[in-house]
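One line per chain: the protein sequences are A and B, in this order. Using our numbering, you'd call the opening residue of the first sequence number 980 and step up by one each time. Using our numbering, you'd call the opening residue of the second sequence number 127 and step up by one each time. Quick reminder that beta carbons are idealized off the backbone N, C-alpha and C, glycines included.
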Amino acid sequence: MPPHKIGTEAQIVQFTNCRILRGHELIWEDLWIREGRILDPEKLFFEEKKSADVKKDCEGHILAPGFIDVQINGGFGVDFSLTHEDISAGVALVAKNLLAYGVTSFCPTLVTSPPDVYHKVLPQITVRNGSSKGAGVLGAHVEGPFISHEKRGAHPDSHLRTFEGDAFQELLKTYGSLDNIAIITLAPELKRSHEVIKELTSRGVCVSVGHSVSHLKEAEEAVRNGARFITHLFNAMLPFHHRDPGIVGLLTSDQIAPEQQVFFGMIADGIHTHPAALRIAHRAHPKGLVLVTDALPALGLGNGRHTLGQQEIEVDGLRCCVAGTNTLCGSVASLDTCVRHFLQATGCSVETALEAATLHPAQLLGIEKQKGTLDFGSDADFVVLDDSLNVKATYIAGDLVWKDKTFSH
Amino acid sequence: MRLVILDNYDLASEWAAKYICNRIIQFKPGKDRYFTLGLPTGSTPLGCYKKLIEYHKNGDLSFKYVKTFNMDEYVGLPRNHPESYHSYMWNNFFKHIDIDPNNAHILDGNASDLQAECDAFEKKIEEAGGIDLFVGGIGPDGHIAFNEPGSSLVSRTRLKTLAMDTILANAKYFDGDLSKVPTMALTVGVGTVMDAREVMILITGAHKAFALYKAIEEGVNHMWTVSAFQQHPRTIFVCDEDATLELRVKTVKYFKGLMHVHNKLVDPLYSMKEEN
């Protein structure tokens, strides 16, 4: 598109015969697009006195904002934390394949790694909008290395770090640069973590608490300093205890200013979080729930044995185990699968299920004016869904970037 | 004058919609021949708009060669305010049909020179060749458009201060806060509507019964501005049973006896599918 092209000349597309998610409701309403953004058709009618150039019949389907995954370690055989791979190409491959799951933006996620890995990988995870080539990249989510030894999970112990001396400079040196980082997961009980959280927040990086043995008091302090996310709630943290609810207690804390919204990631694949736990979290703090896949490189590879890293693994449906064992080794559920599971497991409304993968992650990252809604002026990144929330088509900036064989667009 | 009495609101709305539909199709509008339609807002015409939209969606009626002129708009209310008549027309009618935005005219209550806006509106109507069919509703006090009681019966499009009754009635749309209710509006005049070749007034509900009585059984009176249409050669009042409660039995019986004649105006219902 030539840069001098002015708004009033661009094609106006009207998606008709659809229910759209707007204002927390599914409403029978047309969706109007121009130049990759969602248009206010009333303004167009009365001020510009224009109508649509093209109308597209959506056959009564649901139109929802594109899904946003803020925690995904890889997929389709690509591991974002492995330096021997061409990470740029890997991110591009995952981005392309995520379109079929309705994902229009994501945060490639790195597990705890030595500094040289960050220095090599992070510059390749450039923030960019999505296109027909693939979902957009919102920046990296780095889990670790400033996390708890006890709750490191699968993160390699030898690369864990603590804050010493000039804590923030330490962190900068570790990652190399904050430029491509959207989210940092750290353990708030680490000494000097609070000054780091403040500094990161002031620089626009979203701080998430997780992989931590933090008690509630420390977690609340972290939130007061700017932390706004909880990494995969229930996993890699102290279990909920009624006299010390730990990080889980943030969901109902009264020590946090009401305007300071806390979000929490949930792996709603039906395997990593028990449906009852999912319901507890949802009912305690519905507006903070963010669905994440925490997907492994085995996402999208299908059933069977795969070699990943040094390990042989076996995928059977959504279960992914070390080959020959029953040891779970991560999630292979796509985000649209998680949305459907969340809907079914909690009995929440379709709107609520969709917002957990759209509006909430966008609010978490402070990008809800551009992504995660179908409000006027937002990016026209959206998915076409049937009533069971199966993805029929994916659009980015108003362009069709993926479609199911059965869908006619 | 014709008085068409239907059993209830839905049937009255449908009758009115059928009448408008037939009028447009019989006119045979085209590129050089636009049908001009005057349009009201408020709760009464909603059912009529719904039916017109239905005819359009079924492919029976197109507004491609229709020009519309709305009766009125609040002054100082932002165009995109949910209670503005721009919003009303967009949400309840225009967004559902195929009208060219250039042919849909609504007074701009935020114009810098309000009287100039009113004069320009009159001129646009004139340039469109006058109004073929002006559809209107009335208030319980018998006002047509915002021609409140006491308005001149030869008035033209102008700025009007709203009657306290109207402001109080509107408060429910503005969080019950009187200070938020617009106190002025731009409105076509009684004379502007009188110039239309045909006028159709929708009156439904028991709360409008006294106004209907004043409109047709008493004399022409500027305190009940809708009564002016007694002097229009082609006026049709479409009402439901409830709205006739204050009329004399004789009046109601007479017009009900004419229903088989009046129904010929809407039966058969024309379709543009057949025209083409």
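Buried versus exposed, by CB contacts within 10 Å (16 or more), residue i
{"i": "Ile-329/B", "result": "buried"}
{"i": "Val-375/B", "result": "exposed"}
{"i": "Lys-984/A", "result": "Confidence at Lys-984/A is low in this model, with a pLDDT of 48, below 50, so the placement of that residue should be treated as unreliable; the coordinate-derived value is given next. The residue is exposed, with fewer than 16 neighbouring Cβ atoms inside 10 Å."}
{"i": "Glu-1168/A", "result": "buried"}
{"i": "Glu-1143/A", "result": "exposed"}
{"i": "Ala-1255/A", "result": "exposed"}
{"i": "Gln-1342/A", "result": "buried"}
{"i": "Met-980/A", "result": "Low confidence applies to Met-980/A: its pLDDT is 43, below 50, so where it sits in the model is not reliable, and the reading given next is rough at best. Met-980/A comes out exposed."}
{"i": "Lys-1350/A", "result": "buried"}
{"i": "Trp-1011/A", "result": "buried"}
{"i": "Leu-1307/A", "result": "exposed"}
{"i": "Pro-1044/A", "result": "buried"}
{"i": "Val-316/B", "result": "buried"}
{"i": "Gly-1309/A", "result": "buried"}
{"i": "Val-392/B", "result": "buried"}
{"i": "His-1253/A", "result": "exposed"}
{"i": "His-1264/A", "result": "buried"}
{"i": "Ala-1133/A", "result": "exposed"}
{"i": "Arg-360/B", "result": "exposed"}
{"i": "Lys-1371/A", "result": "buried"}
{"i": "Leu-1077/A", "result": "buried"}
{"i": "Asp-1295/A", "result": "exposed"}
{"i": "Gln-990/A", "result": "exposed"}
{"i": "Ala-1236/A", "result": "exposed"}
Interface residues of chain B facing residue i [CB-CB closer than 7 Å]
{"i": "Phe-1213/A", "result": "Per Cβ cutoff of 7 Å: no residues; Phe-1213/A is ~43 Å from chain B at best."}
{"i": "Lys-1028/A", "result": "Pro-227, Asn-228"}
CB contact flag (residue i, residue j, <7 Å)
{"i": "Ala-311/B", "j": "Val-130/B", "result": "no"}
{"i": "Pro-204/B", "j": "Gly-263/B", "result": "no"}
{"i": "Val-1096/A", "j": "Thr-1141/A", "result": "no"}
{"i": "Ala-1277/A", "j": "Arg-1016/A", "result": "no"}
{"i": "Ala-354/B", "j": "Val-346/B", "result": "yes"}
{"i": "Lys-193/B", "j": "Thr-162/B", "result": "yes"}
{"i": "Ala-1119/A", "j": "Ile-1160/A", "result": "yes"}
{"i": "Asp-368/B", "j": "Ala-332/B", "result": "yes"}
{"i": "Leu-406/B", "j": "Thr-309/B", "result": "This structure does not reach residue 406/B, given that chain B is present from 127 up to 402, and the question cannot be answered."}
{"i": "Glu-1330/A", "j": "His-1003/A", "result": "yes"}
{"i": "Lys-340/B", "j": "Gly-276/B", "result": "no"}
{"i": "Met-320/B", "j": "His-358/B", "result": "yes"}
{"i": "Gly-1205/A", "j": "Ile-1176/A", "result": "yes"}
{"i": "Ile-1226/A", "j": "Ala-1166/A", "result": "no"}
{"i": "Ala-1389/A", "j": "Leu-1268/A", "result": "Any property of residue 1389/A remains undetermined from this structure, which presents chain A solely from 980 to 1388."}
{"i": "Ala-230/B", "j": "Lys-177/B", "result": "no"}
{"i": "Leu-304/B", "j": "Ala-297/B", "result": "yes"}
{"i": "Gly-1228/A", "j": "Leu-1195/A", "result": "yes"}
{"i": "Ile-293/B", "j": "Arg-128/B", "result": "no"}
Those residues which DSSP pairs with residue i across a bridge
{"i": "Met-197/B", "result": "None; Met-197/B has no bridge partner."}
{"i": "Phe-363/B", "result": "Leu-129/B, Ile-327/B"}
{"i": "Pro-182/B", "result": "Before going further, note that residue 182/B is His rather than Pro in the sequence given. According to DSSP, His-182/B bridges with nothing at all."}
{"i": "Pro-171/B", "result": "Paired residues: none, contrary to the question."}
{"i": "Glu-243/B", "result": "For Glu-243/B, which the question treats as bridged, DSSP gives no partner whatsoever."}
{"i": "Thr-1141/A", "result": "Note: Thr-1141/A sits in no beta bridge, so no partner."}
{"i": "Ser-1473/A", "result": "Since the first residue shown for chain A is 980 and the last is 1388, residue 1473/A is missing from the structure and cannot be characterised."}
{"i": "Glu-1122/A", "result": "Thr-1164/A"}
{"i": "Glu-1004/A", "result": "Arg-1001/A"}
{"i": "Pro-1087/A", "result": "Ile-1051/A"}
{"i": "Lys-1382/A", "result": "Ala-1372/A"}
{"i": "Thr-162/B", "result": "Lys-193/B"}
{"i": "Phe-1286/A", "result": "In the sequence on display, residue 1286/A carries Thr and not Phe. Thr-1286/A pairs with Glu-1291/A."}
Distance cut-off 6 Å: residue i Cβ against heavy atoms of the ligand MN
{"i": "Tyr-135/B", "result": "The ligand MN is absent from the structure shown, which contains no ligand whatsoever."}
Under 8 Å by beta carbon: chain A residues contacting residue i
{"i": "Ser-213/B", "result": "Glu-1021"}
Per-residue contacts from residue i into chain B (C-beta, under 8 Å)
{"i": "Phe-1085/A", "result": "Ordered by position in chain B, no residue passes the 8 Å Cβ test against Phe-1085/A, which lies about 34 Å from the chain."}
Partner residues on chain A for residue i, Cβ-Cβ distance less than 9 Å
{"i": "Asn-206/B", "result": "Asp-1019, Glu-1021, Lys-1022, Phe-1025"}
{"i": "Trp-216/B", "result": "Pro-1020, Glu-1021, Phe-1024, Phe-1025"}
Contacts of residue i in chain A (Cβ-Cβ under 7 Å)
{"i": "Phe-220/B", "result": "Phe-1024"}
Just to confirm the assignment: which complete beta strand (DSSP E) runs, minimum length 3, are found wholly within the segment 1145–1216 of chain A? 1160–1165, 1185–1188
Quick check for students: name the residue ranges of the beta strand (DSSP E) that lie wholly in the segment 1035–1079 of chain A, counting only runs of 3 or more. 1041–1044, 1046–1051
Kindly provide the ranges of any beta strand (DSSP E) runs that are 3 or more residues long and lie completely inside the segment 282–322 of chain B, ordered along the chain. 284–287, 310–313
Which runs of the beta strand (DSSP E), 3 residues or longer, sit entirely within the segment 334–401 of chain B? 361–366
Hey, which unbroken runs of the alpha helix (DSSP H) at 4 residues or more fall wholly within the segment 1237–1281 of chain A? 1254–1263
Kindly provide the ranges of any beta strand (DSSP E) runs that are 3 or more residues long and lie completely inside the segment 1331–1359 of chain A, ordered along the chain. none
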